[in-house]
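Chains as they are written, first to last, in our numbering: chain A, 1 to 349; chain B, 350 to 698; chain C, 699 to 1014; chain D, 1015 to 1330.
Presented below is the structure to which this report refers.
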Ligand SMILES: Cc1ncc(C[n+]2csc(CCOP(=O)(O)OP(=O)(O)O)c2C)c(N)n1
Ligand SMILES: Cc1ncc(C[n+]2csc(CCOP(=O)(O)OP(=O)(O)O)c2C)c(N)n1
Ligand SMILES: [Mg+2]
Ligand SMILES: [Mg+2]
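Pasting the structure below:
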């Protein structure tokens, strides 16, 4: 199968969805501009016209309400924001309207919108351009929250989200856009609410999501060499959370490390640790989580390395859980500065 | 000591704070109106004038930013919203500005604002007038989140919040406003970040917060009669969370039930269960939580009884944890309909 | 002439029916069977009736916390509304919304919500979809003078203008937001419709207590919209007689003067229209409405609450 | 006369210094030591300089993502700014804010943030506190044409008018929000300053590339504000020369025409002012600024990063 980038996979999903159904439209600041939201929306306006693909004013709250309204008549809007952080302006519309519309009208109406939000990371994005807010969205009943970690899932989950009748928050980690992987040309779906076992293993269950799954994969390889067999589960959707799949795995491995890309407290990782602990009492070591310190994200290059855990920290954490030494660990030579996804990246955004 | 209501205690704290410091101001829709936000702001404008106590336009986001700006010059705004739900309009200002101002300017500035939010409950408040969103606020680094359960704490915690230099979300459960309790006349403080042991016990630790502490107290009494000695901890502030105090207690009792007033998943109760599970491996029964189903809050009188757990459900949950029968339990005769805090309440708001 | 006489009578009937429905709610509220916040439009009926009567059935309406009148005027089912307020499964939202969340899609009433201003962009979204689908109907949203203070109103109008969408914004200016007068919320002497005009939209102003004026103004404006004149805004002055939320009068609270109240009460929209039509049908009408309303309350009272299972199944 | 000649020279100097600072950033950006999103104001200097020179030191300023010019014009420390962009602990925000989060309270520069429009209400809050404390200074906030589309702008202006607060709103209209022209965001032919006037505030319009005009207009307006004329709004036309974010030119992308770009480049605010003052000091000035700027970069480069401990201690 051919390989394409995550960004390209998103772009293909959009082409495919818009071709499949005239009801699909897409809008947001910069959607039809020359950069095409990190090239995920490139070519859409040329192909589908400026009625279905358009730029918007900087009015996040109203634009979300407008998407909701359009969706009530069967239109399927895919809204895009260049950063999750900007979407905080639209919390009234997404929480008070979108998430509740179906239930507060007794199921007589539904709101089939998809909100694509880019999670910023690296290059001094700082406190208001790199927040990971999935735990907040996941706490709201009536919202689905999707966080793909690879091109295949990105395409399949986006298509599923668009044609799902409920409002979906679709989070794309900026550093995944450049990831390359096998993606079918044709339309296919990946179900929302199903976690995926990326690697089978017997000694510990590691749950991960979005970009952290990439870091976890490196760690798991390393740990294998060190004699620890990890079962790596990519959550894929935080709401609904496939807790059954996780519990099945922990029942086998009897150990849990929940990895999250957000700050630690009151997070998805808290929920996973809690749910597992309530179900399974006989673990071989206490359940654990690895996430960000409870601090706003730093800007300085001198701070971000320590703030963001990666493959090395995951490996160390697991080794500690097995009571093994971590000192000699020196295997993750950084091939490029810690604050960029690759050498090609020179900033500024 | 004299007894006054929770609402009166809030009112006293406001009088006291405004007398102590000219920097304290208070505003919000309805603050100086005849109902005085459930009589918590009554008399303030008469006493302190309309420059320091004023009504506002329905502009939640700007008004929050305005409070932030005023606070940068040393003013200490206390902003009020009749429902938490309305404050969703202000998430940009509270999350992108207030919570981060201090850290994103390297500690050179701080934002001493207090946001009083009323949590709606009962009488068909429904999906957008009775949300419990403390888990969301707690997840944001840089915000303090306070949830008093009784008049004494309400006064002391509000005074502490107002004179604290960080932004504080102060949540008042509507049904607590009528609660009566002993409150000193003079100014005193209750520290933010300290949980309180309401009742000592040896068999199980129950953590609770805000109005749920009232229900828990009833349950704990009942359980005592049934031979189960509960240690009831009122969290008081969800951020910072006094997890040390909780762990100390569970280390003694070896059992945990975390009670929350919000929906279950990704909540404060998840965090408590997770934190305890990571620390203490040898519990006598799996840790447990009691919170709302993951559904938007219902409106109908026919649904709210089942949706909101109370003393009865708490008692049953604890009994189950001890493997005891719950069938014969018939002790909580409701003295008034389940959707009102007392017979005096006839709606409509 | 006859046609117009007939229309005047229809307008009167619609208002009278709404008034009687709302008074029945006020009267029975203390029975404690309608257990939800309830905002009555008594005194403001001419706007709901005038606007909705000038709309076509296929036109789509959204509203606010104070929605009963709009819902009924647009043709929403009375029984379903009353049952909804009783929290029953026979309600228009299966009892899951209450007074503030009404819907009757068959009548083109697309919903009402309890957060000030937040149906305004939703209505613009309806208009966007209408335009994309090249339909010939319009979207119409009701809101109060307080909602105008929300930034989302401004954002929504801006977008509607940029895209020339088929939408009618109807602002019911009843001078108050709960107990707060305009003077503490908006600039002195600033007229809402003039301010809004500067956003780039055609605006209109009318007497919200004169149903004929509201009707003919709306007819004209609707015509403009369907002829691609772009979005339109109309401000209508009116006055709420009873308390902001609940069944009672509240002049004793002192947030508004007795004179002000009386001067508006004299301008009762229903009385004004009754004088115009000089109909002797009043008693017959009132009787038949009273009967219909009584039936609706009985129906609601006898209906069942939704089951928790039903409630849960909707969200999963 | 002499005084005015002197002032013109000062305005020129301020702009030249800002330009040279920003060009030094553009030049050195590819070294990879300034690792954060960076928005340059090259071409827009007349507004920062004209406005801030007409303000007094005690006046308070807030700004946006594109803040370098405002910060420097208001008297913010150059060294601290450059060090901030390098992410160093010697930066004005201890390296914790980066280019988009500048602050220098001693100079009355109260902060800049990266979320479009969200310092606007904060500035109104400063004005509220100023009024409560009966101080004689004013608050001033810079923002772009895009920020005007945020509802919070509208809400903030409304409140400032209701309370007659001492605040100056400065809108830099550079025709673009990132790559999006005004035509896809705001109504055709709607003038921002006219729209805003209808909100109830005095508004003014000026040539944002003419520093003398900006200066004298602001002087006048500031006078009004301190004499209790209430809040004021000024729209200034200008043009950003380089890409929205980053050091390069980006006309090749095709979102704006070469003609448009050239027509604005001809109206270079610095060149215009240089012709006016007929100064021969240009080379001396440029040399001394170049030296100062080089020093600032060296200082930044040599400075340390903040420690994680420091970072953590600030938030607990
Ligand atoms: C965002 C938000 N803020 C505040 C409220 C509380 N509230 C309910 S109705 C209302 C009055 C709004 O006034 P207006 O828009 O003029 O409508 P009216 O009640 O006069 O019909 C207010 C403030 C709310 N529901 N939502
Ligand atoms: C709320 C929000 N939405 C979107 C963005 C992305 N963004 C950053 S700068 C910018 C352009 C804003 O345009 P304008 O206000 O005219 O300022 P200019 O860049 O032209 O100086 C945008 C949209 C943001 N930072 N915040
Ligand atoms: Mg009103
Ligand atoms: Mg611009």
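Beta carbons are placed, not taken as given, at the ideal position from N, Cα and C, and that holds for glycine.
Just the chain C side, please: which residues come within less than 9 angstroms of residue i by C-beta, in chain order?
i              : result
residue 1208/D : 896
residue 68/A   : 819, 820 and 823
residue 413/B  : In chain order: nothing, as chain C lies at least about 12 angstroms away.
residue 693/B  : Neighbours of residue 693/B on chain C: none; closest Cβ ~13 angstroms, over 9 angstroms.
residue 645/B  : 794 and 1013
Which residues in chain C have a C-beta closer than 7 angstroms to the C-beta of residue i? List them in chain order.
i              : result
residue 649/B  : 785, 793, 794, 1003 and 1004
residue 1204/D : 898
Could you work out which residues of chain B lie near residue i, taking near to mean beta carbons separated by less than 8 angstroms?
i              : result
residue 1119/D : 457 and 458
residue 1142/D : 415, 418, 419 and 424
Hey, residue i and residue j are a contact pair by Cβ (cut 8 angstroms); roughly how many whole angstroms apart?
i              : j             : result
residue 1163/D : residue 853/C : 7 angstroms
residue 587/B  : residue 483/B : 5 angstroms
residue 863/C  : residue 920/C : Actually they do not touch by this definition, with Cβ atoms about 14 angstroms apart.
residue 490/B  : residue 296/A : 5 angstroms
residue 589/B  : residue 514/B : About 14 angstroms; that fails the 8 angstroms criterion.
For residue i, return the contacting residues in chain B, with the cut-off set at a CB-CB distance below 9 angstroms.
i              : result
residue 1053/D : By Cβ distance, chain B contributes nothing, its closest Cβ being about 16 angstroms from residue 1053/D, past 9 angstroms.
So is the beta-carbon of residue i under 7 angstroms away from any non-hydrogen atom of ligand 2?
i              : result
residue 58/A   : yes
residue 1186/D : yes
residue 983/D  : This structure leaves residue 983/D out entirely; chain D is present only between 1015 and 1330.
residue 1250/D : no
residue 989/C  : no
residue 29/A   : yes
residue 1115/D : no
residue 519/B  : no
What in chain C is Cβ-close to residue i, meaning under 8 angstroms?
i              : result
residue 1164/D : 849 and 853
residue 697/B  : 727, 734, 735, 736, 943, 944 and 945
residue 524/B  : Per Cβ cutoff of 8 angstroms: no residues; residue 524/B is ~15 angstroms from chain C at best.
residue 407/B  : 814, 815, 844, 845, 847, 848, 875 and 883
In chain D, which residues lie less than 9 angstroms from residue i when you measure between Cβ atoms?
i             : result
residue 431/B : Going along chain D, no residue has its Cβ under 9 angstroms from residue 431/B, so there is no contact; the nearest lies around 18 angstroms.
residue 101/A : Under the 9 angstroms cutoff, chain D gives no residues; its nearest Cβ is about 21 angstroms from residue 101/A.
residue 85/A  : 1128 and 1129
Could you tell me which residues DSSP pairs with residue i in its beta bridges?
i              : result
residue 463/B  : 427/B and 517/B
residue 638/B  : 607/B
residue 205/A  : 231/A and 256/A
residue 27/A   : 54/A and 79/A
residue 1190/D : 1195/D
residue 1246/D : 1182/D and 1216/D
residue 841/C  : 869/C
Applying a beta-carbon distance threshold of less than 8 angstroms, which residues of chain A neighbour residue i?
i              : result
residue 1127/D : 128
Given the structure, does residue i come close to ligand 1, in the sense that its CB is under 7 angstroms from one of the ligand's heavy atoms?
i              : result
residue 431/B  : yes
residue 770/C  : no
residue 942/C  : yes
residue 766/C  : no
residue 1229/D : no
Below 9 angstroms on C-beta distance, what does residue i contact in chain A?
i              : result
residue 487/B  : 265 and 266
residue 761/C  : Chain A residues near residue 761/C: none, gap ~13 angstroms exceeds 9 angstroms.
residue 1267/D : 33, 34 and 35
Which residues in chain D sit within 7 angstroms of residue i, going by Cβ to Cβ distance?
i             : result
residue 859/C : 1201
For ligand 3, enumerate in chain order all residues having a CB closer than 6 angstroms to any of its heavy atoms. 842/C, 843/C, 844/C, 872/C, 874/C and 875/C
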